[in-house]
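Accompanying notes for the structure given below.
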Amino acid sequence: DDILVEVRNLKKYFPIKGGVLQKTVGHLKAVDDISFTIKTGETLGIVGESGSGKSTLGRVLIRLLEPTDGQIIFNQTDISTLRQRQIRPIREDMQMVFQDPFASLNSKMSVEQLIEEPLVVQGKLAKKARKQKVLEVLQKVGLRKDDLQKYPHEFSGGQRQRISIARALVLNPKFVICDEPVSALDVSIQAQVLNLMKDLQDDLGLTYLFIAHDLSVVKHISDRVAVMYLGRFAEIAPKKALYENALHPYTQALLSSIPVIDLNGGPTTTREKIKLSGDLPSPANPPSGCTFRTRCPKAHDRCIIDRPDLVEISENHFVACHLYEGS
Ligand code: SF4
Ligand code: MG
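To convert, note that position 184 of the sequence shown is 200 in the UniProt record's numbering; the numbers rise steadily by one, no gaps.
This is the structure we're talking about:
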C-alpha cells in the first residue's frame, strides 16, 4: 500500500465563547469535514487565504492540535485517538517546518544545539553519533561545518529556514508538513529554498504536505493541489489539471492573479484578472449554502441554500460547485 497519510472526515472546531458567563455560543469550523490521501513520496499542496484553515489542518494532522472528529491514518496507524504519550514515537516520522524561522528557532541556542535538540528529546543516538548526524544533515541543507557554533541572528532568513529544515530532518521523518516555509523570505531566496526542499525530497524519499497562500509557490513542488476555503476543499486535482483546467470559480480567481511563467523561456503573461468581491467572510459566521457564494461571480439561487459536495469530475479531479453537478 503506497498511501502514507489518509484523512477521513476530519473536523477541527474551536468553541466561540460569549456573554457574561463566557458560555460556548457557537463553533468556528476551522477544518470542516475534510478527506484526502497522500501517497508516499508525493507532495500535496494546500492553498488558501489566511483564515481558510490550512495551518490548522496541518497542525491537527500531526496532533499539535486535537481533532474534533474524524480519522488520521498515518503509515497504517490511526493516530487520531492516540494519547500524546503514544504519539511521541510516531512524531519522529512526522515533522513540521514553520513559516517564520526567526520565531521558531531559539535565539540562545547554537546551530549545533538547535539541530541536535530533536535527537536529544527523542533519546536518539549516543553523543558522538549525534554530532555526526548533525553534521550530515547540516551539509544536506547547504550549510557548512563552521556554521555549527553560530547563532540564528548571524544568518539571513533563507539560511535560518535551512536550519529549521535541518532540525525537521534530523530524525529521518517520512512526512514533513511545510507551513508556508518560504512566505517570509525574499522572492529571490524563495526559489532556492523550494529547490532545496525538492532535492531533499528526492534524496530522502520524503512525503510533503505543502501549505501556501498562493498558487504560484506550490506550482513547482506539488504533485496535486487542494484549494481551501473556509475550512473545506473547494477543489483538489493533479497539478496539471488544476493549473490548466481549474473548475471552481475560486480557483479560477486565484489563478488569474498570478503571472503565467513560460518554462520554455517565453514571455511571462497574465490571465484576465477575475476580481473577487469582498473579503473572506468570518469563519465564525460563514454564509449559508456554498460558503463562497458571497464572492462568487457565478453564484445563483441554489448556492444560497445547498452546500455543494466535493464531487469527482474527472480522474482525481474533485470540485465542490453546483455548476458541475450532473456533468
Ligand atoms: Fe459559485 Fe455557486 Fe459554485 Fe459556490 S456553488 S462556487 S456560489 S457557482
Ligand atoms: Mg497560516
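Glycine included, each C-beta is placed from N, C-alpha and C at the ideal position.
Near the ligand FAD: residue i beta-carbon under 8 Å from a heavy atom
i: K291; result: As presented, the structure is devoid of the ligand FAD, carrying the ligand SF4 and the ligand MG as its sole ligands.
Cβ-based burial, residue i [other Cβ within 10 Å; buried from 16]
i: A145; result: exposed
i: T307; result: buried
i: E132; result: buried
i: T93; result: exposed
i: A142; result: exposed
i: T97; result: exposed
i: L154; result: buried
i: I321; result: exposed
i: A119; result: exposed
i: R311; result: buried
Beta-ladder partner(s) of residue i, from DSSP
i: Y224; result: T59, V192
i: H264; result: None; H264 has no bridge partner.
i: T40; result: K33
i: D94; result: I89
i: A300; result: Answer is none; A300 lacks a bridge partner.
i: residue 362; result: Residue 362 lies beyond the residue range present for the chain, which begins at 17 and ends at 343; the question has no answer from this structure.
i: P254; result: R240
i: F52; result: V23
i: V47; result: K28
Contact under 9 Å by Cβ, residue i with residue j
i: A269; j: V335; result: no
i: T223; j: L20; result: yes
i: A182; j: K156; result: yes
i: I227; j: G74; result: yes
i: L339; j: P275; result: no
i: L135; j: V186; result: yes
i: A242; j: V63; result: yes
i: F191; j: L225; result: yes
i: A250; j: H333; result: no
i: L246; j: D49; result: no
i: L201; j: G173; result: yes
i: E22; j: I106; result: no
i: S272; j: E288; result: yes
i: I193; j: M110; result: yes
i: P189; j: E108; result: yes
Where residue i sits in the DSSP three-state scheme
i: F308; result: coil
i: H338; result: helix
i: R104; result: helix
i: H316; result: coil
i: T84; result: coil
i: M110; result: strand
i: S293; result: coil
i: A182; result: helix
i: K27; result: strand
i: R248; result: strand
i: V198; result: coil
i: N211; result: helix
i: K166; result: coil
i: I131; result: helix
i: L141; result: coil
Expected contact under 8 Å - CB spacing of residue i and residue j to nearest Å
i: H236; j: E196; result: With 8 Å as the limit, H236 and E196 do not qualify as a contact, their Cβ atoms being about 16 Å apart.
i: A184; j: M112; result: 7 Å
i: K28; j: L81; result: 6 Å
i: P117; j: R176; result: 4 Å
i: P299; j: G67; result: 6 Å
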